[in-house]
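Single-structure report; data block below.
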Amino acid sequence: MTPRLPPPDSDLIERREILDAAGLGRTLRRMALELAERIPQEGRPLYLVGVRTGGAYLAQRLCSMLAEAGEPQPLLGAVDISLYRDDVFRGLPKPEIGPTELPEPIDGRTVVLVDDVLFTGRTIRAAMDVLADYGRPRAVKLATLVDRGRRELPIQPDVVGVVVETTASESVRVMLSERGEGDRVILRERRA
Amino acid sequence: MTAFAHRHLLGMESLAAAEIVMLLDLGDRFLEINERPIKKVPTLRGKTVINLFLEPSTRTRTSFEIAAKRLSADAVNISGSASSTVKGETLLDTARNLDAMAPDVVVVRHAQAGAAEMLASRLRAGVVNAGDGAHEHPTQALLDCSTIRKHKGRLEGLDIVICGDIRHSRVARSNIWAFTKLGARVRIVAPRTLLAPGLEAMGTPGSVSIHERLEPALEGADVIMMLRIQKERIGGALFPNTREYSRYFGLNPRRLALAKPDAIVMHPGPINRGIEIDPAVADGPRAVILDQVARGVAIRMAVLYLLAGGDAGPSE
């Protein structure tokens, strides 16, 4: 398999805005409500685990929204998948290795993985491997802000913010105020 | 983070300060894995690490083996007595044969200074120097820096005493390089017969000082590192006897009181209790000796990760 090298930022041009700041907030609130509805009572309190780095920020936001909506204070964790990637040595730029933090044992719990963009499914496959090294959850659910399709593994989300049809040359970028950017989701395309 | 542009880890002399800091940061990341219920990540699955230890070692060899296994690499250990070197094979021939089996990393310990560098120039695998004669022992220096950084928050501006058999110590050499590169001052303490020439020239001017008495060197020290008297390397009579050595150069509670109140005590092991360090100090609250061992595994995980193909480069 040849590595699919992500193009450098300078080679990408913005095609369109998928969500503005207000849209991003609205979408996350709806996702929070859907999570509260869809996870059965035995899965309480909810246990949200963000995939670093984008998913961890989103999990944090969903946690506050759920608490505001009257849910029992959800548990919040984060996983770092750098050491579990199947392309770790394929020449892809490697993100800094961050800590995996699970505040309580995941055994027997319903864990909701939260990611910003669901694409090939390989990140989620790696995140599930991380969870398996920490214990045996009763169930693992997946919430993603953007589903851009083009899966390479049989992985489907349970709660989706927005579905975007994309081509291989496009990429979705989730910009978050936690990273010092304005809240925004944009679709970019490789310069021809 | 800085990229690590080396295929081998041969010594601290050839590393830049930024590279040392990157290795320490990466080591901190791996610490967490050693606290997990399942202490293993799949990162180096399918990679082979050969530990070629042609000198006795328990701690370092075990540490490298555990580091490799926690990253899911296959670790093969070869020790001096079990190797073909006792049948007369040269180090290079042994290594060439191992290289033909396509390992990804060879960790080598050898009594001869320069052994690791010689292998690195001839093997396809990445080479880690786990101690070559009295030359260098870079992963020990990295784990020592990591331990100091944890307890003191930094190395810059610290006064670090290294006391003992400097002449035969690769640990002292690697640490002098590392400590001074990171901005610490090093006070070397040893009887004249156990000193080596050229130590002051290893750091920036003024950063390395030589002392023949322990007490004055301890005053105001932040870190005290005691080295073992290497009986197996000391051929002739470099000092009268261990009792006399202990009387002048052993670290006891009375001497420890001369250092800063929050000074930490380190020892690369193995300890000769009652010779270079009093048991009351070795087991006391200021000793961080077992911390050094714990951090050693994480540091070696970081080194294997980088040499087996990983990268601590920046995210997109």
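Chains as they are written, first to last, in this note's numbering: chain A, 164 to 355; chain B, 2 to 317.
In this text, a Cβ means the ideal position worked out from N, Cα and C, and glycines have one as well.
| request: For residue 207 of chain A, collect the residues of the same chain with a Cβ closer than 7 Å to its Cβ; drop the 5 residues on either side in sequence, then sort them by chain order. | output: 235
| query | What's the call for residue 232 of chain A, buried or exposed, on a 16-neighbour Cβ count within 10 Å? | reply | exposed
| query | Can a CB atom of chain B be found closer than 8 Å to the CB of residue 246 of chain A? | reply | yes
| Closer than 9 Å at the beta carbon, the chain B residues around residue 269 of chain A | Near residue 269 of chain A there are no residues of chain B at all, since even the closest Cβ is about 11 Å away, more than 9 Å.
| request: Find the nearest neighbour of residue 243 of chain A within the set A:294, A:323 and A:174, judged by alpha-carbon distance. | output: A:294
| Three-state secondary structure (DSSP) at residue 137 of chain B? | strand
| field | residue 110 of chain B to residue 131 of chain B span [Cα, whole Å] | value | 5 Å
| query | Do you know offhand how far residue 222 of chain A's Cα is from residue 197 of chain B's? | reply | 58 Å
| query | Going by alpha carbons, who is nearest to residue 16 of chain B out of B:66, B:243 and B:138? | reply | B:138
| task | May I ask which residues mark the beginning and end of the beta strand (DSSP E) holding residue 241 of chain A? | result | 238-242
| field | Partners in chain A for residue 42 of chain B, counting only beta-carbon separations shorter than 8 Å | value | 246, 247 and 296
| message | Going by beta-carbon coordinates alone, are residue 190 of chain B and residue 218 of chain B separated by less than 8 Å? | response | yes
| Going by Cα to Cα distance, which pick from A:272, A:263 and A:284 is closest to residue 250 of chain A? | A:284
| Short check: CB of residue 249 of chain B to CB of residue 200 of chain B, under 8 Å? | no
| request: Report the residues of the segment 102-127 of chain B with a CB closer than 7 Å to any CB of chain A, ordered along the chain. | output: none
| field | Contacting residues, own chain, Cβ-Cβ under 6 Å from residue 271 of chain A (five flanking each side not counted) | value | 301
| field | Same chain only: Cβ atoms within 6 Å of residue 112 of chain B, ignoring 5 sequence neighbours per side | value | 56 and 134
| field | Distance between beta carbons of residue 18 of chain B and residue 182 of chain B, contact taken as under 8 Å | value | 5 Å
| Under a three-way DSSP split, which group does residue 99 of chain B fall into? | helix
| field | Local Cβ density within 10 Å of residue 12 of chain B, reported as buried at 16 or more and exposed below that | value | buried
| said: If distances are taken between C-alpha atoms only, which option among A:276, A:316 and A:314 comes closest to residue 307 of chain A? | reply: A:276
| query | Rounded to a whole number of angstroms, what is the C-alpha to C-alpha distance between residue 279 of chain A and residue 315 of chain A? | reply | 17 Å
| task | Report the partner residues of residue 297 of chain A according to the DSSP bridge assignment. | result | According to DSSP, residue 297 of chain A bridges with nothing at all.
| request: Would you mind telling me which residues of chain A sit closer than 8 Å to residue 27 of chain B, beta carbon to beta carbon, in chain order? | output: 260
| query | Any idea if residue 213 of chain A is buried or exposed, counting beta-carbon neighbours within 10 angstroms, 16 or more meaning buried? | reply | buried
| task | In the DSSP assignment, find the unbroken beta strand (DSSP E) run with residue 160 of chain B in it and report its ends. | result | 160-164
| Along the chain, which unbroken stretches of the alpha helix (DSSP H) at least 4 residues long are found entirely within the segment 190-222 of chain B? | 215-219
| Candidates A:262, A:288, A:175 and A:248, of which the one nearest residue 37 of chain B by Cα | A:262
| request: Just list the alpha helix (DSSP H) runs in the segment 186-238 of chain A, keeping only unbroken ones of 4 residues or longer that don't cross its boundaries, in chain order. | output: 217-231
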